Amino acid sequence: MRLYFVRHGESEANVTRQFSNKDDEIHPLTARGIEQAEALAEKLRDVPLVELYASPMLRARQTAEILNAPHSLPIQITTALREHDAGDLEGRMDADAWNAYTKLFEQWMAARDLDARMPNGESFNEMRARFVPFISNIVTKYENKDTHILLVGHAGIFHSMLPLIFANVGYTFAYRHILENTGLVVAEQQQDGLVCLEWNGIRLSSTGTIIE
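Per the numbering used here, residue 1119 is the first one in the sequence shown, and the count goes up by one each step.
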């Protein structure tokens, strides 16, 4: 089984650097974001996908629709893939807001305060509670099958959650290699669990060594 995790294409909020993680119907893809998704759709055209999941947020749904064009699968919308809720930072685009967001991730990763959150926002543990069981159910459903599944989501949740489920990727690597728009992460079920084969164009061994 292979899982293909894709960050959405460039959205209007990416251009303005605005926190836009609550309203599912605003900040669509830009023209550049559409082009990015179309290029990735061509790259994945011949992958025999059997299921396609997407975050309910507009930018993710639009990306999924473009990626789905060669496959004509039903797009299954799930809140498991929606972006991290940044609480009272929503709508802001100033440097202080982004610094506060960075410090929150430092609380999670360095201090291991996994219940920390922005006011009215979501903690690491709450993200984990919706994301990890969802992936576990997919793995159980397709265990030991030659199955390819596409999942369209967001940078925040992928950088927070993927190191939890991959046997060969840790947080140091993940945060040194931030997923760009339509960045692709490919993982394969192996004997030791889910192994990341490719992270945003970087090929990895089963032990996490970068393959030149």
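Note that CB positions come from ideal geometry on N, CA and C, so glycine has one too. Every value quoted in this text rests on a predicted model; they were computed, and no experiment measured them.
> Alpha carbon to alpha carbon, how far is Pro1174 from Pro1146?
Replying inline: 12 angstroms
> Any idea what DSSP makes of Ser1129, helix, strand or coil?
Replying inline: strand
> In angstroms, rounded to a whole number, what distance separates the CA positions of Asp1141 and Lys1221?
Replying inline: 24 angstroms
> Does the distance from the C-beta atom of Arg1248 to that of Thr1197 stay below 8 angstroms?
Replying inline: yes
> What is the DSSP secondary structure of Tyr1122, reduced to helix, strand or coil?
Replying inline: If DSSP states are grouped into helix, strand and coil, Tyr1122 belongs with the strands.
> On the three-state DSSP scale, how would you describe Pro1260?
Replying inline: For the sequence presented, residue 1260 should be read as Tyr rather than Pro. Looking at Tyr1260 - three-state DSSP - the assignment turns out to be coil, as it is neither helix nor strand.
> Is Ser1254 buried or exposed, if buried means 16 or more other CB atoms sit within 10 Å of its CB?
Replying inline: Ser1254 is exposed by the Cβ-count criterion.
> Is it a yes or a no for the region 1251-1271 touching the region 1181-1196, going by three-plus beta-carbon pairs under 8 angstroms?
Replying inline: Contact holds: three or more Cβ-Cβ distances are below 8 angstroms.
> Looking only at C-alpha atoms, which of Glu1224, Phe1291, Ile1283 sits nearest to Asn1318?
Replying inline: Phe1291
>> Am I right that His1272 and Glu1201 are in contact with their C-beta atoms under 8 angstroms? What's the rounded C-beta distance?
In response: 4 angstroms
>> I'd like to confirm the pairing. Which residues does DSSP put opposite Glu1316 in its beta bridges?
In response: Val1304, Arg1321
>> Give me the residue from Ala1228, Pro1281, Arg1125 with the minimum Cα distance to Leu1176.
In response: Arg1125
>> Using 8 angstroms for Cβ pairs, my map puts Val1303 next to Phe1276. What's the rounded Cβ distance?
In response: 7 angstroms
> Are there 16 or more other CB atoms within 10 angstroms of the CB of Ala1157, so buried, or fewer, so exposed?
Replying inline: exposed
> Do Leu1280 and Leu1185 have their C-beta atoms within less than 8 angstroms of each other?
Replying inline: No, the Cβ-Cβ distance between Leu1280 and Leu1185 is not below 8 angstroms.
>> To the nearest angstrom, how far is the alpha carbon of Gln1308 from that of His1295?
In response: 23 angstroms
>> I believe Leu1232 touches Phe1242 by the beta-carbon criterion, under 8 angstroms. Please report the beta-carbon distance rounded to the nearest angstrom.
In response: 4 angstroms
>> Within a Cβ cutoff of 8 angstroms, which residues of the same chain sit near Met1227, ignoring the five residues on either side of it in sequence?
In response: Counting only Cβ-Cβ distances below 8 angstroms, and skipping sequence neighbours, we find Tyr1289, Tyr1293.
> Whose CA, out of Gly1274, Leu1207, Tyr1260, lies closest to the CA of Pro1237?
Replying inline: Leu1207
> Tell me which same chain residues have a C-beta within less than 8 angstroms of the C-beta of Met1211, skipping the five on either side of it?
Replying inline: Thr1134, Arg1135, Gln1136, Phe1137
>> Give me the DSSP bridge partner(s) of Gln1194.
In response: Tyr1171
> What residues in its chain sit with their C-beta under 7 angstroms from that of Val1168, if we drop five residues either side in the sequence?
Replying inline: Thr1265, His1266, Ile1267
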